[in-house]
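A.B. asks: Below is one structure. I have some questions about it.
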């Protein structure tokens, strides 16, 4: 039968020549079985292989659909990716904020387009806690030097410091991101960072103030100002070097005003973190008694006739 002859095994001259050159070679058929040397077998697989290929294709499609289905904004899984960092990454980003270098972009070299909220969240929380603790310790140390200073625990400083710092880290980057988005419509070459990248830059830039606040416990005014100026210079330089690749494509006036505003707001925050000098309380006024000879004589009562 012709159909049976077509399905039978055939030998190919080219394969025979190749096997003649390498007689030790062994060929396999489509079913995975070894064939004798000098022969090349061509077999038609059964229909079961097509089912396996369909299963592989279906599994690939399922994997692609799972990758495309991202969690919603209101779900916990959406925010979980922003906290997916390890200790080495956080330490590397802190190091980059402490040692800013010109031409070294913090977003591209440190964040690598993967901003996180873990580092900024705990940096802000730690800074607020340290500010509250050092504020109370400053009052305690001042009272030991001068008993006229009255100390009372001020727990409200934790709330005030936390609200101030978190508002600064979220609202200022939000305003900066919105302004740069607006400037992108005016000048197409201006390309801002994402909002989370801007928040991440601001959050890590505040780490230098944590050891500075602890060093402010030293009761030497000029040394406190020196530590504050050094911390402000490092933190502001980290912000300027990170934002410069974005604003340099804009006009010089806009770039200068924008960077000056960023540094000014940062300086105001640093000044607000510095403890104020304490002054002893004024003693309460005491009542002075007049001598008896200076008292006015009593007025006589009128007599009734």
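Numbering (our numbering), first residue to last: 12 to 316.
The beta carbon of each residue, even a glycine, is placed where N, CA and C say it ideally should be.
Between residue 249 and residue 216, what straight-line distance do the alpha-carbon atoms span, to the nearest angstrom?
C.D. replies: So the alpha carbons of these two residues sit roughly 6 Å apart.
A.B. asks: What is the DSSP secondary structure of residue 114, reduced to helix, strand or coil?
C.D. replies: The answer is coil: DSSP assigns residue 114 none of H, G, I, E or B.
A.B. asks: Could you give the distance in angstroms between the alpha-carbon of residue 188 and the alpha-carbon of residue 259?
C.D. replies: Spanning the two alpha carbons is a distance of roughly 15 Å.
A.B. asks: Run the CB neighbour count on residue 227, radius 10 Å, all protein chains shown included, and call it buried at 16 or more, exposed below.
C.D. replies: The residue in question, residue 227, is buried, as its Cβ has 16 or more Cβ neighbours within 10 Å.
A.B. asks: Check residue 227 in the structure and name its three-state DSSP category.
C.D. replies: In this structure, residue 227 counts as coil in the three-state DSSP scheme.
A.B. asks: Answer yes or no: do residue 116 and residue 253 have a C-beta to C-beta separation smaller than 8 Å?
C.D. replies: A contact, by the Cβ cut-off of 8 Å.
A.B. asks: Judging by CA-CA distance, which residue of 169, 155, 175, 150 is the nearest neighbour of residue 163?
C.D. replies: The residue with the shortest Cα to Cα distance from residue 163 is 150.
A.B. asks: Enumerate in chain order the residues of its own chain whose CB-to-CB distance from residue 93 is below 6 Å, with the five nearest sequence positions on each side excluded.
C.D. replies: 127, 128, listed in sequence order.
A.B. asks: Within 8 Å, do at least three Cβ pairs link the region 127-146 to the region 170-181?
C.D. replies: Yes, the region 170-181 is in contact with the region 127-146.
A.B. asks: Let me make sure I understand the geometry here. Which of 272, 87, 95 has the alpha-carbon closest to that of residue 186?
C.D. replies: Nearest option by C-alpha distance: 272.
A.B. asks: Can you list, in chain order, the residues of its chain whose CB lies under 7 Å from that of residue 169, leaving out five sequence neighbours each side?
C.D. replies: 139, 140, 143.
A.B. asks: If you follow the alpha helix (DSSP H) that residue 97 is in, where does it begin and where does it stop?
C.D. replies: Here residue 97 belongs to no alpha helix (DSSP H), and DSSP marks it neither H nor E.
A.B. asks: Look at the alpha carbon of residue 108 and the alpha carbon of residue 245, and state the distance between them as a whole number of angstroms.
C.D. replies: The alpha-carbon atoms of residue 108 and residue 245 are separated by roughly 8 Å.
A.B. asks: Using the beta-carbon count (16 or more within 10 Å), is residue 209 buried or exposed?
C.D. replies: Result: buried.
A.B. asks: Given a cut-off of 8 Å on the beta-carbon distance, is the pair residue 286 and residue 214 in contact?
C.D. replies: No, they are not a contact pair.
A.B. asks: List, from N- to C-terminal side, the beta strand (DSSP E) runs of 3 residues or more that fit wholly inside the region 203-249.
C.D. replies: Entirely contained in the region 203-249, not one beta strand (DSSP E) run reaches 3 residues.
A.B. asks: Run through DSSP, which three-state label would residue 61 get?
C.D. replies: For residue 61, the pLDDT reaches just 44, beneath the cut-off of 50, and the residue's location in the model is therefore unreliable, leaving the point undetermined.
A.B. asks: Is the beta carbon of residue 257 sitting closer than 8 Å to the one on residue 270?
C.D. replies: No; because the gap between Cβ atoms is not below 8 Å, this pair is not in contact.
A.B. asks: The alpha helix (DSSP H) that contains residue 145, what's its start and end?
C.D. replies: Element bounds for residue 145: 129-156.
A.B. asks: Just verifying my parser: in three-state terms, what is the DSSP assignment at residue 184?
C.D. replies: Helix at residue 184.
A.B. asks: Find the nearest neighbour of residue 99 within the set 114, 148, 239, 121, judged by alpha-carbon distance.
C.D. replies: Comparing Cα-Cα distances from residue 99 to each of 114, 148, 239, 121, the minimum goes to 121.
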